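Data first, discussion second: the structure below is written as structure tokens.
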Amino acid sequence: MVEGIRRGDLVGIAVVGERGAFAAPEHSGGSAIPQPWPQHVLRADSDWPRWAMWSSDTARALVAAGVEVRSAWDLRAVDRLLHGRWRTDPARIWANAFGLAPDGIPLDMPIDLFHPYQPPDAAEGPVDAAGYLRPHWIARDWYATDAHTAQWTELITTVARTQIEQVQTLEAAERVLASARCESTTELLCAELEHVGLPIDRRAAEAIIVSHAGPRPTRSNDEAAARATRATRDADVFVHAQDAPPIDLRNPAQVRTLLRFVGIEVPDTRAGTLRRVRDKHPIIEALLTWRKSERIATTYGYAWLDEAVGDDGRLRGSWSSSDGAAGRMTASAGLHNLVGEMRAAVVAEPGFTFVRADLGQIEPRVLAVISRDAALARATQQDDLYAPVAAQLDVDRATAKLAVLGAMYGQTTGHGAAALARMRNAYPVAMAYLDAGDRAGQLGEDVRTYGGRLIRMNAANADAMDEREARSIAAARGRYARNALVQGAAAEFFKLWAVTVRARAVELDARIVLCLHDELLIHVAVDDAPAAVRLVDDALQETAFRFVPNNAVRFVADTSIVSRWSDA
DNA sequence: TGCGGCTATTG
DNA sequence: CACAATAGCCGCAG
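Residue numbers for the first sequence follow numbering that gives the first Met the number 0, beginning at 0 and rising by one.
Right, here's the structure in full:
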């Protein structure tokens, strides 16, 4: 335990070289205390602060050192939330926090023949006369003294406090503040997800790969063997067009030529297009099968297994806490788009099992919250929200679902169009909310999600564009903004649920091993699985209460205990 | 070698 | 002219 640090304190922390350092809280009267890693004082059980850090790079260093951090204030994550920019660095975060023009940020001098490296003047403080951070302070590999380190960590605390003041000026400041904390703690979760990895049964994975890509090439024959397996795979298609000239099945234009040769004309060669003509010629079925195998062989083949799955049988990718248009979590290495068949290889370790939980109909439920549509909120009281909506619209369930999704995505044509008109009648408040977002997007106005994330609508380049093209681009931007408000708020709900589960799971020694937009996968000892199920459900109720203070909207999750992901 | 197009998968 | 994401291979330009 650290002298003077109390629960809830905001304390700047940094990793400087081989050491960690944190600012002392104001009331202790001290300055930064550099510490070698690992640093067990950080895991003080009862009294713990909210550690302020520049970015999840610090969280990764902490996790790698075996330090458990419970909550954070991540300057980069909060900066992204407030200012809607993804490519940021400390110089920019600092400028944003203090309202300084970004084009005034001083650039670091390049080190080359004409500008040899010169050690910075140690007497210079971190901030220059104009108020910007000095570049060499950001580089921070030159820190020689504890005094420098102390200044650096205190500065982190300062930026965090300034960001909090910025949040206070926004509409719904309390909610945005909660959102900023959640985004920050999600950065910790991402660092942990990268460290822990997803348990994979390597032999099961290899069996799936063998069935599509053939046996693993040995080192002595890899080139030739790989060619041979590819040729075998291709031959299963060519056998249906034996007189056809040789073509490359990986080239869509040549596939069209091949199909034309057997008398089938298609506009493109996508799976959906091919399926519509599958009974015209047996080659279509063979081609679809080939595509599936080719995908496993290339994307989820031996190379993927070797690169992404460690010796400990854990699949690891890089995690981002808020990427893309609306701030969803993203992951690489197939963690977010693993083909269904390969999910059979995601298996809990001996003595452990998975608790898998996914939110039901999260986007329309979130829409009811953010739009404050009382009629839609009533529909969320049902386990299946689409049932009351279907009754309200006087259509079948499938049509109701299409209408709701179409409304959120900005669909204007197609089969759902008639039901969409009924949506306007039945849920005018929700539809008005969506339309307002759409209009803002079309006009190029930035919007903010429920949790306060700024969605930037960059001004369109109207030059060299005819009117029809301009209209189509404006419509696309409208749909983008409309959807970002819903998808973004849904992402915020999910992350709040995830960090709540993460916090509660500590006592069970359970670990979140996968986050998938509306789904959580938790790795837990078999005996603790029922407790983990209760924990997940309790966390959902808590999340719903925090997200919707008046509890007018109901959220549901489907939770199960499975040893194999595909069994859910 | 970098990038747009096409195609696949997922929520 | 339905939203978001990651990721592979191809052809083409340079």
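Backbone N, C-alpha and C define an ideal beta-carbon position, used for all residues, glycine too.
For clarity, every value in this text was computed on a predicted model and none was experimentally measured.
Original post:
Quick one: what's got a C-beta closer than 6 Å to A429's C-beta in the same chain, skipping five residues either side?
Top reply: Against the first sequence, residue 429 aligns to sequence position 430. Correct list, in chain order: L366, S370, D372 and L375.
**OP:** Using three-state DSSP, classify E191 as helix, strand or coil.
**Re:** If you number the first sequence from 1, residue 191 lands on position 192. Correct three-state label for E191: helix.
Original post:
Which value, in whole angstroms, describes the spacing of the CA atoms of G487 and A172?
Top reply: Here residue 487 refers to the residue found at position 488 of the first sequence. Here residue 172 refers to the residue found at position 173 of the first sequence. Computed Cα separation, rounded: 17 Å.
Original post:
Can you name, in chain order, every residue of its own chain whose Cβ lies under 8 Å from the Cβ of I92, other than the five neighbours on each side?
Top reply: Position 93 of the first sequence, counted from the start, is the residue given in the question as residue 92. Beyond the five residues adjoining it in sequence on each side, I92 comes within less than 8 Å, by CB distance, of W53, L74, R75, D78 and V158 in the same chain, given in chain order.
**OP:** Express the C-alpha separation of L248 and T558 in angstroms, rounding to a whole number.
**Re:** Here the question's residue 558 lines up with position 559 in the first sequence. Here the question's residue 248 lines up with position 249 in the first sequence. Taking C-alpha positions only, T558 is separated from L248 by approximately 42 Å.
**OP:** Determine, using beta-carbon pairs with one atom in the stretch 517–524 and one in the stretch 342–360, whether at least three such pairs fall under 8 Å.
**Re:** Touching, yes.
Subject >> Assigned exposure category for D305 - 16 Cβ within 10 Å defines buried >> reply: Position 306 of the first sequence, counted from the first residue, corresponds to residue 305. Exposed.
Original post:
If you draw a straight line from the C-alpha of A402 to the C-alpha of Q410, how long is it?
Top reply: Within the first sequence, residue 402 is the residue found at index 403, counting from 1. Within the first sequence, residue 410 is the residue found at index 411, counting from 1. Going from the Cα of A402 to the Cα of Q410 covers about 9 Å.
**OP:** Using beta-carbon positions only, say whether V338 and W289 come within less than 8 Å of one another.
**Re:** By 1-based counting over the first sequence, the position of residue 338 is 339. By 1-based counting over the first sequence, the position of residue 289 is 290. Between V338 and W289, the C-beta gap is not smaller than 8 Å, which leaves the two residues out of contact.
Subject >> beta-carbon N482 near the ligand COA non-hydrogen atom, thresh 7 Å >> reply: Of ligands this structure carries none, so the ligand COA is not represented either.
**OP:** Indicate the three-state DSSP secondary structure (helix, strand or coil) for F21 in the structure shown.
**Re:** Walking along the first sequence from the start, residue 21 turns up at place 22. F21: strand per DSSP, three-state reduction.
Original post:
Which residue spans inside the stretch 306–394 form an unbroken beta strand (DSSP E) run of at least 3?
Top reply: Here the runs fully enclosed are 318–322, 327–330 and 351–358.
Subject >> Outcome for D527 when other beta-carbon atoms lying within 10 angstroms are tallied against a minimum of 16 >> reply: On the first sequence, residue 527 is found 528 positions in, with the first residue counted as 1. It counts as buried.
**OP:** Less than 8 Å between the CB atoms is what I'm expecting for S178 and E541, so what's the real figure, rounded?
**Re:** For this step, residue 178 is matched to residue 179 along the first sequence. For this step, residue 541 is matched to residue 542 along the first sequence. Wrong, their Cβ atoms sit about 16 Å apart, outside the cutoff.
Subject >> Simplified DSSP state of P548, which is helix, strand or coil >> reply: The count along the first sequence starts at 1 and reaches residue 548 at position 549. Correct three-state label for P548: coil.
Original post:
In chain order, what residues of the same chain lie with their CB nearer than 7 Å to the CB of H39, ignoring the 5 residues before and after it?
Top reply: As a working mapping, residue 39 is identified with position 40 in the first sequence. Low local confidence applies: a pLDDT of 44 at H39 is under 50, so the model's placement there is unreliable, and no value is given.
Original post:
By DSSP, does G271 sit in helix, in strand, or in coil?
Top reply: Here the question's residue 271 lines up with position 272 in the first sequence. Note: G271 maps to helix in three-state DSSP.
Original post:
Which ranges does the alpha helix (DSSP H) cover as unbroken runs of at least 4 residues, wholly within the stretch 422–507, from first to last along the chain?
Top reply: Runs of the alpha helix (DSSP H) inside the stretch 422–507: 427–441 and 466–504.
Original post:
So E182 packs on L80, CB below 8 Å; how close in whole Å?
Top reply: Within the first sequence, residue 182 is the residue found at index 183, counting from 1. Within the first sequence, residue 80 is the residue found at index 81, counting from 1. Correct: roughly 5 Å between the Cβ atoms.
Subject >> Helix, strand or coil at L154 according to DSSP, with G and I counted as helix >> reply: The residue given as residue 154 occupies position 155 in the first sequence. Here L154 carries a helix assignment [DSSP, helix/strand/coil].
Subject >> Unbroken stretches of the beta strand (DSSP E), 3 residues or longer, contained in the stretch 48–85 >> reply: Correct list: 49–52 and 71–73.
Original post:
Going along the chain, which unbroken runs of the alpha helix (DSSP H) with 4 or more residues stay wholly within the stretch 191–262?
Top reply: Those alpha helix (DSSP H) runs which fall completely within the stretch 191–262 and span 4+ residues are 201–212, 221–237 and 251–260.
Original post:
With DSSP run on the structure shown, which of helix, strand or coil describes G415?
Top reply: Within the first sequence, residue 415 is the residue found at index 416, counting from 1. G415: coil per DSSP, three-state reduction.
**OP:** Leaving aside the five residues before and after R201 along the sequence, list all residues of the same chain whose C-beta is less than 6 Å from its C-beta, in chain order.
**Re:** Counting from one through the first sequence, the residue named residue 201 turns up at place 202. Scanning its chain for C-beta atoms nearer than 6 Å, with the 5 sequence neighbours on each side dropped, one finds around R201 the residues G312, in chain order.
Original post:
Excluding sequence positions up to five away, which residues of its chain have a Cβ less than 8 Å from the Cβ of V500?
Top reply: The residue you call residue 500 lines up with position 501 of the first sequence. If we look at V500 and ignore the five residues flanking it on each side, its Cβ neighbours are I511, L519, I521, L534, V535 and A538.
**OP:** Tell me, please, which residues DSSP counts as bridged to T558.
**Re:** Within the first sequence, numbered from 1, the residue matching residue 558 stands at position 559. Note: T558 sits in a beta bridge opposite A356.
**OP:** Go through its chain and collect everything with a Cβ distance to V254's Cβ below 8 Å, but skip five positions before and after it.
**Re:** For the purposes of this step, residue 254 is taken as the residue at position 255 of the first sequence. Closer than 8 Å at the Cβ level, and outside the excluded window around V254, lie I246, L248, T268 and L286.
Subject >> Residue from N550, C189, A531 and P198 whose Cα sits closest to the Cα of W564 >> reply: Position 565 of the first sequence, counted from the start, is the residue given in the question as residue 564. Residue P198 is the option with its Cα nearest to W564.
**OP:** Would you check if the distance between the CB atom of T398 and the CB atom of R553 is smaller than 8 Å?
**Re:** If you number the first sequence from 1, residue 398 lands on position 399. If you number the first sequence from 1, residue 553 lands on position 554. Not a contact, by the Cβ cut-off of 8 Å.
Original post:
What separation, rounded to the nearest whole angstrom, lies between the Cα atoms of P89 and T412?
Top reply: Within the first sequence, the letter at position 90 stands for residue 89. Within the first sequence, the letter at position 413 stands for residue 412. Between P89 and T412, the C-alpha separation is close to 46 Å.
**OP:** Write down the C-beta distance between G477 and D437 rounded to the nearest angstrom, noting that I regard them as a contact closer than 8 Å.
**Re:** Here the question's residue 477 lines up with position 478 in the first sequence. Here the question's residue 437 lines up with position 438 in the first sequence. Yes, G477 and D437 are in contact; Cβ-Cβ is about 4 Å, under 8 Å.
Original post:
Residues in its own chain within less than 8 Å of T156 by CB, not counting five upstream and five downstream?
Top reply: If you number the first sequence from 1, residue 156 lands on position 157. L9, V10, G11, A22 and A51.
Original post:
In the DSSP assignment, what residue or residues form a beta bridge with H522?
Top reply: Here residue 522 refers to the residue found at position 523 when the first sequence is read from its first residue. Beta-bridge pairing links H522 to F353 and R510.
Subject >> C-alpha gap between R423 and V368, whole angstroms >> reply: Taking the first sequence and counting its residues from 1, the one referred to as residue 423 is at position 424. Taking the first sequence and counting its residues from 1, the one referred to as residue 368 is at position 369. The C-alpha of V368 is placed about 17 Å away from the C-alpha of R423.
Original post:
Closest by CA to G103, which one among W136, A190, G196 and D127?
Top reply: For this step, residue 103 is matched to residue 104 along the first sequence. Nearest to G103 by alpha-carbon distance, out of W136, A190, G196 and D127, is D127.
Subject >> As assigned by DSSP and simplified to three states, the class of L304 >> reply: As a working mapping, residue 304 is identified with position 305 in the first sequence. Helix, per DSSP.
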